[in-house]
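Novice:
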Amino acid sequence: MYNSFSISSVQPGSTSQGVTQSTTSSLSLTSSILSSPTVSIVWKYTYPLDYITAEVTVTIPATATVSTGNPIRYYHAVDTYLGGNDNGCGVRYTDTNGKLVVGTYPLTNGTCPSSTSLPANLDVVESFRERNGKFDHHCVGYWSDFWSTATSNPPACSISKSGSLGDSITTTYQDTGAAIEFDFTAPGIYTFSYDFVVGSTFVPNYDHFEIRHAGTATLCPTE
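155 is the number of the first residue of the sequence shown in our numbering; add one for each residue after it.
#1: Note down, one range per segment and in chain order, each beta strand (DSSP E) of at least 3 residues found wholly within the segment 285-348.
#2: On the CB-based measure, 16 or more other CB atoms within 10 Å of its CB, does residue 313 come out buried or exposed?
#3: Along the chain, where does the beta strand (DSSP E) that runs through residue 226 open and close?
#4: Are the segment 300-319 and the segment 224-233 in contact at 8 Å, needing three or more beta carbon pairs?
#5: If contact is defined by three or more beta carbon pairs under 8 Å, each pair taking one atom from either stretch, is the segment 252-263 in contact with the segment 329-339?
#6: What are the boundary residues of the beta strand (DSSP E) that residue 255 is part of?
#7: Mark residue 282 as exposed unless 16 or more other C-beta atoms lie within 10 angstroms of its C-beta, in which case mark it buried.
#8: Give the range of the beta strand (DSSP E) segment to which residue 156 is assigned.
#9: If you pair each beta-carbon of the segment 190-201 with each one of the segment 169-177, do three or more pairs fall below 8 Å?
#10: Could you pull the start and end residues of the beta strand (DSSP E) that residue 182 belongs to?
#11: Terminal residues of the continuous beta strand (DSSP E) containing residue 194?
#12: Grouping DSSP H, G and I as helix and E and B as strand, with all else coil, what is residue 207?
#13: Out of 202, 348, 190, point me to the one whose CA is closest to residue 170's CA.
#14: Please classify residue 275: does DSSP put it in a helix, a strand, or coil?
#15: Using beta-carbon positions only, say whether residue 221 and residue 286 come within less than 8 Å of one another.
#16: Which stretch, first to last residue, makes up the beta strand (DSSP E) that contains residue 431?
#17: Would you kindly work out how many angstroms separate the C-alpha atoms of residue 235 and residue 284, rounded to a whole number?
#18: Under the rule that 16 or more other beta-carbon atoms within 10 Å means buried, what is residue 342, buried or exposed?
#19: What first and last residue would you give for the beta strand (DSSP E) that runs through residue 242?
#20: In whole angstroms, give me the CA-to-CA distance for residue 323 and residue 310.
#21: Suppose you measure from the CA of residue 356 to the CA of residue 241; what does that come to, to the nearest Å?
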């Protein structure tokens with residue numbers, strides 16, 4: 155767990171259509187064994203898209219004692235809240251760009267029809283999506299499992315246990331959370347990125363806007 159953290163001011167400071175805003179988080183861990191690795195995360199958002207992009211750089215010094223048996227892990231875990239309701243269903247699928255998506259979506263009838271695809275006519279979803287680099291592990295489960303410090307039979311989604319996330323996706327309609335994991339087993343500088351989708355299912359795959367016709371008789375505005 156990091157013990158030093160800072161975040162820069164958002165630039166540009168005002169929101170404009172199609173303009174990307176960004177801020178940088180800097181995290182470090184003071185550790186004699188791991189030689190104090192650092193993490194830099196550039197958070198980017200372009201209005202009015204429904205996702206933010208995290209561009210991450212992990213720096214592990216050459217003197218760090220890190221290996222397959224003693225990896226450094228990067229986690230991003232969230233307690234989701236879906237359109238006024240904590241409850242949701244887990245989902246994991248590969249999108250049309252070949253990128254893995256893991257997250258949760260809400261239902262009103264209390265059942266989860268699928269954990270491998272999104273049902274039609276959804277109006278909200280929260281998920282992580284690969285961009286540059288693949289998730290090593292992931293998990294979608296009960297919200298408090300991610301913060302569990304249990305040492306005996308810890309939950310599959312716990313980020314405090316010695317092992318990796320369990321790659322499990324809940325099929326139960328419950329108060330959900332989601333997490334992703336990247337593993338590093340040698341010193342070096344590593345870069346990767348991913349999206350965190352918050353909102354509509356109508357999310358452009360990458361770097362473009364989606365224009366949707368309102369259903370009127372003409373595509374042209376009238377006065």
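C-beta: ideal position from N, C-alpha, C; glycine also.
Specialist: Put simply:
#1: Within the segment 285-348, the complete beta strand (DSSP E) runs of at least 3 residues are 291-296, 328-338.
#2: By the Cβ-count criterion, residue 313 is buried, with 16 or more other Cβ atoms from all chains shown falling within 10 Å of its own Cβ.
#3: First-last of the beta strand (DSSP E) with residue 226: 226-233.
#4: In short, these stretches touch, since the Cβ pair count reaches three.
#5: With three or more CB-CB distances shorter than 8 Å, the segment 329-339 counts as touching the segment 252-263.
#6: Run containing residue 255: 254-259, per the beta strand (DSSP E) assignment.
#7: By the 10 Å Cβ count, residue 282 comes out buried.
#8: No residue range can be given for residue 156, since it is assigned to no beta strand (DSSP E) and is classified by DSSP as neither H nor E.
#9: Contact check between the segment 190-201 and the segment 169-177: three or more CB pairs, one atom from each, fall below 8 Å, which counts as touching.
#10: For residue 182, the enclosing beta strand (DSSP E) covers residues 174-182.
#11: Residues 192-200.
#12: Of the three classes helix, strand and coil, the one that applies to residue 207 here is strand, per DSSP.
#13: Taking only the C-alpha atoms, the option nearest residue 170 is 202.
#14: Coil.
#15: Their beta carbons are not under 8 Å apart, which means residue 221 does not touch residue 286 by this criterion.
#16: Beyond the ends of the chain as shown, which are 155 and 377, falls residue 431; an answer cannot be given.
#17: Taking the straight line joining both Cα atoms gives about 21 Å.
#18: It counts as exposed.
#19: That run of the beta strand (DSSP E) goes 241-248.
#20: Computed Cα separation, rounded: 10 Å.
#21: In this predicted model, residue 356 has a pLDDT of only 49, less than 50, meaning its place in the structure is not dependable; the value taken from the coordinates is given anyway. When rounded, the separation of the alpha-carbon atoms in residue 356 and residue 241 is 21 Å.
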